[in-house]
Amino acid sequence: MIVITAHGRLGHQPELKMLPGGGSVCEFRLLSSRFAKGEEVTEAVTFFCFDEEAEKFCESTEKGQLISATGTQETSSYNDAQGARKSFTKYRMTWYSKGARPRSSQQGSQQGDNTGGQRPGGDRQGGGYQANRNQSNQRPSNGGYSRAASPQSNQPEQRPQRPAQAPSQAQADYGDSGFDSNLDGFDDVSTFMI
7 MIVITAHGRL
17 GHQPELKMLP
27 GGGSVCEFRL
37 LSSRFAKGEE
47 VTEAVTFFCF
57 DEEAEKFCES
67 TEKGQLISAT
77 GTQETSSYND
87 AQGARKSFTK
97 YRMTWYSKGA
107 RPRSSQQGSQ
117 QGDNTGGQRP
127 GGDRQGGGYQ
137 ANRNQSNQRP
147 SNGGYSRAAS
157 PQSNQPEQRP
167 QRPAQAPSQA
177 QADYGDSGFD
187 SNLDGFDDVS
197 TFMI
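Going by the working numbering, the sequence shown opens with residue 7, and the numbers climb by one from there.
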């Protein structure tokens, strides 16, 4: 399972969509710009979430807001109208944290809680964006969403944070290993800037 954490701004106002079989989904893109060879390059990553989690996300976020989101990768494919095979990768959101809102909306806005996406049980796990293989020449009518129940939750492990310490002379000397002796360098989930 591939898990990423991405930091970026919402590319559009999150919208809650109803699924044909019942339930709701919110799909959103996080955008981040960087400069490469003198030109600005914008990268994007797409996340999605279902039902109560989707409702909460749509109600509490807005276009341009800074978001950190963690999700598991789901890749699907389909055949377009010309018969060409198309694939897409999206991430099922398992956690998110809200950051600064766009400057135009910060005036008069209220601050809500700063986290979301914590699942209280094993609801709505599995499936995700899986194209219907029987409809090979068209995109699925349900938007590529399907869900299967799973008995286990997909919450990231909660770890206590270490208190900040002032650097000491002993900590400044890393020796030959390159790591502080108190850290193994592999405990924390990697964060990718997208």
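The beta carbon of each residue, even a glycine, is placed where N, CA and C say it ideally should be. Because the structure is a prediction, the values reported are computed rather than measured.
By the neighbour-count criterion, in which 16 or more other beta carbons inside 10 Å mark a residue as buried, Glu-65 falls on the exposed side.
Gly-89 is classed as exposed because its beta carbon has fewer than 16 other beta carbons within 10 Å across all chains shown. Judged by DSSP secondary structure, Ala-50 falls within the beta strand (DSSP E) whose first and last residues are 45-56.
Within the model, the alpha-carbon separation for Ala-106 versus Glu-59 is close to 20 Å.
Straight-line spacing of the CA atoms in Cys-32 and Ser-74 works out to 16 Å. Straight-line measurement puts the Cα of Val-47 at about 6 Å from the Cα of Phe-41. In this structure Pro-26 is exposed. Its beta-carbon is surrounded by fewer than 16 other beta-carbon atoms within 10 angstroms.
From the listed residues Phe-63, Ala-87 and Val-51, the smallest Cα separation to Tyr-97 is found for Val-51.
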